[in-house]
Amino acid sequence: MDTAQLADMLSGLQPDEWMAGAAGVLVAYCGAELCMRPVAVKTASASAAPRWDLFGVFNIAALLAAAAACTSLVRAPPAGSNGWQAMPDFASLDTRTIVAVATLIVCLTYAFAFCGVALVWRAIEDESQNESMRVPKPLPVDAAKRMAAARMERLRAAGMDADVIIVGAGTAGAALATRLGRQGRNVIIIERSNDIPERTVGELLQPGGLAALERMGLSEATDASRIDSIAVEGYVCITPGGGPETDLLLNYPDDSPSNADQFLGFVGGPSAVAAGDKRPSGKVPSKQTSGTGGPPRGRSFWNHLFVHELRRLARAEPLVDFRMGSVRSLLVDGESEDGEHDAGTGSGSCRGVRYVAEDGTRCIARAPLVVVADGMFSIMRRRLDAGHPIPTSSFVGYLLHHAADEPCVPYPNRGHVVMADPNPILLYQITPTLTRILVDIPGVPPAEEGWMRRYMEDRVMHQLPERVRPIFRDALATQEPVTCVNKRLPARPPSVKRALLLGDAWNMRHPLTGGGMTVALRDVETFSNAIDGVDIDEDAALDDALAKFRQVRQGHAVTVNVLANALHRVFTRPDHDDGTRAALREACIEYLKLGGPSSAGPVGLLAALSPKPIVLVSHFFLVALFAIRRALFPCPTPASIMRSYRLMKIACMIIMPLASAEDVAPLSWAPVRWGLDLIFGWSAMDVDEVTAK
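The sequence shown begins at 1 in UniProt numbering and counts up by one.
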């Protein structure tokens, strides 16, 4: 078509059609500007927000233009459509029809985008309001003792031994005991062993968790002078065989996000830089901790040393009774003194525990509230009908020894994610002379002798950074691997009243992002804030406090859980992948390399500083759309369109089961679930099964 023909066709358009087309173009331009870069007025006290007045004006224009386009199409149907009763021949459509259809699509797209931006922004603001829980100030020691003494008299008169009984003195249990003791509550904490096993879990604390530890006054447990902890400034993603220029550094933000635009990633300063532009130089275990006293930072350490420090703080509290023993069952209303409560056998309230003391004596301890925090292998979980853990993969761990001034990792003070095939590999320092390597393996590794070493030498060794390989080879020759099965467990309320689960006993996610301790400590902080000043003897008051706790914890817990499980799926390539999962993983890395909100938003989620599920959902689908854009570029073809559909199908199959299990709005809403299932069939089978078809 030459210029003269185009001019003739455009000259045939009616005035209303010209107006509709012009309005569509105007709406498309302004809508894109407002949606992708919201016009905001920032003040020290007010959250930046889109200019809803401009959004509203252009939304009205979009609807009017869409109405004009519909009127044009109805008034003069295209040739061959028989009044729109038959599908027209697209090759013979005239310019008027093309302009009207394009205007209709653009305007309706903008209208839906307006609703989408409004939904995301409203959700963030609502979550921020839900999290605005009063943070109590710690009581003076004398006041706490007086209050506890008076309350203890009331408890003894009611046949109780303490305000709260805590089962398990791990990260969550020990921290909660100290926190409640400082609030003036009498606490009994029961731990079965003084020996803390050296494990491969709980070795990295994200800035969000460290900030919670500081707010509770427990940050000395991570002090480098006590446990040789290492400051963590961010992450680096390493592509095997790509060279240092392909490494992607992800920096924690300079300040904790505090308003809607910052949660989405609109913050100052680079959050992602190419390794060739800047190499970190920090090697010393800095004493700086996290968000309340400086820029957000994480910490990595030996888990058993960290837990030992938390227990030391708990034992130092005068209102905390630290007992050694093994809890055997819960004491529930309506049961005999020697009975046991199993899931589904009754709906009474928990009033204490039965345990065997260190010397073999059978004992009973009573309290109006029992908190179960006995870890991932909890024996109380089944009795409280709190779900069953689902295995996802296995971590195989080794320790890499090196000199204090010569760490073996390429980027000190950072967590390293090696994008290995088929599963990712983690590297991070835990002391100045020790680095942990965790190799993710599908399923549970076989017990065949020599299998593990062959797997490491054949599948893992060549994908590691060069400076790591010699030390890893020595570790293979001198160490027995430590294997830990990774699990996920969505949180659900216990079936027995006056009982609460915390930590891995209640809620687990894949440890790829190092979010487990962060969720546990944020839960401890949120729960202790919720019951501060509450008379837990009163059923209604306790129920209200627990309901508020569960509502507020949704933000941080759901975000960390879904992020960890979804990211593990994205970074993992099944054996029979048709290329879709690999394309999605590559798109995720390229999306992070875009910088700006594309990296700052995900880094805030990773650091547990942006506890907003809607932000996670937004960035997840932006990654999927980015992958589709890459598939369609430079020119869409039938094959690339099918690949695009498959990319979105796999994305939905990754995120939708997790969102449904964790009740992530709006993906967990029934119409959204049904609609996406109708289009993409995400519930038909597991995502690892569909890629093998």
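C-beta: ideal position from N, C-alpha, C; glycine also.
Could you check the C-alpha separation between ARG488 and PRO424 for me, to the nearest Å?
For the purposes of this step, residue 488 is taken as the residue at position 488 of the sequence shown. For the purposes of this step, residue 424 is taken as the residue at position 424 of the sequence shown. Each residue's Cα considered, the two are about 18 Å apart.
From TYR355 to VAL167, what does the alpha carbon distance come to, in whole angstroms?
By 1-based counting over the sequence shown, the position of residue 355 is 355. By 1-based counting over the sequence shown, the position of residue 167 is 167. Distance from the CA of TYR355 to the CA of VAL167, rounded to the nearest whole angstrom, comes to 10 Å.
HIS510 and ASN486 closer than 8 Å at C-beta
Position 510 of the sequence shown, counted from the start, is the residue given in the question as residue 510. Position 486 of the sequence shown, counted from the start, is the residue given in the question as residue 486. Going by beta carbons, HIS510 and ASN486 fall inside the 8 Å limit.
MET376 - DSSP class collapsed to helix/strand/coil
On the sequence shown, position 376 is the one that residue 376 refers to. Of the three classes helix, strand and coil, the one that applies to MET376 here is coil, per DSSP.
Measuring only the C-alpha atoms, how far is ASP321 from ARG185?
On the sequence shown, residue 321 is found 321 positions in, with the first residue counted as 1. On the sequence shown, residue 185 is found 185 positions in, with the first residue counted as 1. Going from the Cα of ASP321 to the Cα of ARG185 covers about 11 Å.
Do GLY294 and LEU205 have their CB atoms nearer than 8 Å?
In the sequence shown, counting from the first residue as 1, residue 294 sits at position 294. In the sequence shown, counting from the first residue as 1, residue 205 sits at position 205. Not closer than 8 Å, so no.
Would you say HIS556 and GLY170 are within 8 Å of each other, going by their C-beta atoms?
As a first step, residue 556 must be located in the sequence shown, where it is residue number 556. As a first step, residue 170 must be located in the sequence shown, where it is residue number 170. Judged by their CB atoms, HIS556 and GLY170 are not nearer to each other than the 8 Å cut-off.
Counting only runs of 4+ residues fully inside the segment 141-177, write out the alpha helix (DSSP H) ranges in chain order.
Listed in chain order, the complete alpha helix (DSSP H) runs (minimum 4 residues) inside the segment 141-177 are 141-157.
Taking PRO389 as the reference, give the member of PRO253, SER683, PHE395 and SER378 with the closest Cα.
Mapped onto the sequence shown, residue 389 falls at position 389. Of the candidates PRO253, SER683, PHE395 and SER378, the one whose C-alpha sits nearest the C-alpha of PRO389 is SER378.
With a CB to CB cut of under 7 Å and the five nearest residues on each side skipped, what residues in its chain are close to LEU658?
Residue mapping note: residue 658 aligns to position 658 of the sequence shown, counting from 1. Taken in chain order, the residues that qualify are VAL562, ASN565 and ALA566.
Helix, strand or coil for ILE679? Go by DSSP, reduced to three states.
Taking the first residue of the sequence shown as position 1, residue 679 is located at position 679. Helix at ILE679.
Ignoring anything shorter than 4 residues, give me the alpha helix (DSSP H) runs that lie fully in the segment 302-332, in order along the chain.
Runs of the alpha helix (DSSP H) spanning 4 or more residues and lying entirely within the segment 302-332 occur at 303-315, in chain order.
With a threshold of 8 Å on Cβ separation, who are the neighbours of MET380 within its own chain once the five nearest residues in sequence on each side are excluded?
As a working note, residue 380 is residue 380 in the sequence shown. Cβ neighbours of MET380 beyond the five flanking positions: VAL167, VAL327, LEU330, VAL372, ASP374, LEU501 and ALA505.
Determine the direct distance from the alpha carbon of ARG581 to that of PHE680, and round the result to whole angstroms.
Within the sequence shown, numbered from 1, the residue matching residue 680 stands at position 680. Within the sequence shown, numbered from 1, the residue matching residue 581 stands at position 581. PHE680 and ARG581 have their C-alpha atoms some 16 Å from each other.
Roughly how many angstroms lie between the CA atoms of GLU538 and GLY515, to the nearest whole one?
Along the sequence shown, read from residue 1 onward, the residue named residue 538 stands at position 538. Along the sequence shown, read from residue 1 onward, the residue named residue 515 stands at position 515. When the Cα atoms are used, GLU538 and GLY515 turn out to be separated by approximately 34 Å.
Given a threshold of 16 other Cβ atoms within 10 Å of its Cβ, counted over all protein chains shown, does ILE641 qualify as buried or as exposed?
The count along the sequence shown starts at 1 and reaches residue 641 at position 641. Under this definition ILE641 is an exposed residue.
If I follow the unbroken beta strand (DSSP E) through VAL356, where does it start and stop?
Counting from one through the sequence shown, the residue named residue 356 turns up at place 356. That run of the beta strand (DSSP E) goes 350-357.
Report yes if the CB atom of GLY415 is closer than 8 Å to the CB atom of LEU426, and no otherwise.
Taking the sequence shown and counting its residues from 1, the one referred to as residue 415 is at position 415. Taking the sequence shown and counting its residues from 1, the one referred to as residue 426 is at position 426. In contact: GLY415 and LEU426 (Cβ atoms closer than 8 Å).
Going by DSSP, what residue range makes up the beta strand (DSSP E) through HIS619?
Residue numbering aside, residue 619 sits at position 619 when the sequence shown is read from its first letter. Here HIS619 belongs to no beta strand (DSSP E); instead the alpha helix (DSSP H) covers 613-632.
Where ARG459 and VAL558 are concerned, what is the direct C-alpha to C-alpha distance, given to the nearest angstrom?
Residue 459 sits at position 459 when you count from the first residue of the sequence shown. Residue 558 sits at position 558 when you count from the first residue of the sequence shown. Annotation: ARG459 to VAL558 spans about 33 Å, alpha carbon to alpha carbon.
Rounded straight-line distance, which links the Cα of PRO494 to that of LEU384:
Position 384 of the sequence shown, counted from the first residue, corresponds to residue 384. Position 494 of the sequence shown, counted from the first residue, corresponds to residue 494. Taken atom to atom, the span from the alpha-carbon of LEU384 to that of PRO494 is near 5 Å.
Separation of ALA65 from THR246, as counted between CA atoms
Numbered from its first residue, the sequence shown carries residue 246 at position 246. Numbered from its first residue, the sequence shown carries residue 65 at position 65. The C-alpha of THR246 lies about 46 Å from the C-alpha of ALA65.
Where do the ends of the beta strand (DSSP E) carrying ASP440 lie?
Against the sequence shown, residue 440 aligns to sequence position 440. Start and end: 434-442.
Please return the same chain residues whose Cβ sits closer than 8 Å to the Cβ of GLY344, not counting the five positions on each side in sequence.
Here residue 344 is taken as the residue at index 344 of the sequence shown, counted from 1. Below a pLDDT of 50, predicted positions are generally treated as unreliable, and GLY344, at 41, falls in that range; the measurement from the model is reported next regardless. Excluding sequence neighbours, GLY344 sits near ASP385 and SER495.
Assigned secondary structure, ALA367 (DSSP; H/G/I helix, E/B strand, else coil)
Here residue 367 corresponds to residue number 367 of the sequence shown, with the count starting at 1. Of the three classes helix, strand and coil, the one that applies to ALA367 here is coil, per DSSP.
Kindly indicate which three-state DSSP category VAL534 falls into: helix, strand or coil?
Here residue 534 refers to the residue found at position 534 of the sequence shown. It is coil, neither helix nor strand.
How is the beta strand (DSSP E) around ARG299 delimited, first residue to last?
What you label residue 299 is simply residue 299 of the sequence shown in a count that begins at 1. For ARG299, the enclosing beta strand (DSSP E) stretches over residues 298-300.
Indicate whether ARG498 and VAL370 have their beta-carbon atoms separated by less than 8 Å.
Within the sequence shown, residue 498 is the residue found at index 498, counting from 1. Within the sequence shown, residue 370 is the residue found at index 370, counting from 1. Yes, they are a contact pair.
In three-state terms, what does DSSP make of SER229?
The sequence position of residue 229 within the sequence shown is 229, counting from 1. If DSSP states are grouped into helix, strand and coil, SER229 belongs with coil.
In three-state terms, what does DSSP make of residue 756?
Because residue 756 is not part of the residues shown, which for the chain are 1 to 693, the question remains open.
Could you tell me whether the segment 591-609 touches the segment 641-653, using the rule of 3 or more Cβ pairs below 8 Å?
No: the two stretches stay apart, fewer than three of their Cβ pairs being nearer than 8 Å.
Residue range of the unbroken beta strand (DSSP E) whose run includes GLU191:
Residue mapping note: residue 191 aligns to position 191 of the sequence shown, counting from 1. For GLU191, the enclosing beta strand (DSSP E) begins and ends at 187-191.
Going along the chain, which unbroken runs of the beta strand (DSSP E) with 3 or more residues stay wholly within the segment 484-517?
499-501, all fully within the segment 484-517.
What residue range does the beta strand (DSSP E) around VAL468 cover?
The count along the sequence shown starts at 1 and reaches residue 468 at position 468. That residue, VAL468, is in no beta strand (DSSP E); it is neither H nor E in DSSP.
Across which residues does DSSP place GLN429 in a beta bridge pair?
Here residue 429 refers to the residue found at position 429 of the sequence shown. Beta-bridge pairing links GLN429 to THR435.
Do you know how far the Cα of SER258 is from the Cα of VAL39?
Taking the sequence shown and counting its residues from 1, the one referred to as residue 39 is at position 39. Taking the sequence shown and counting its residues from 1, the one referred to as residue 258 is at position 258. Caution is warranted here: a pLDDT of 36 is assigned to VAL39, below 50, making its placement in the model unreliable, and the coordinate value is therefore given only provisionally. For VAL39 and SER258, the distance between alpha carbons rounds to 18 Å.
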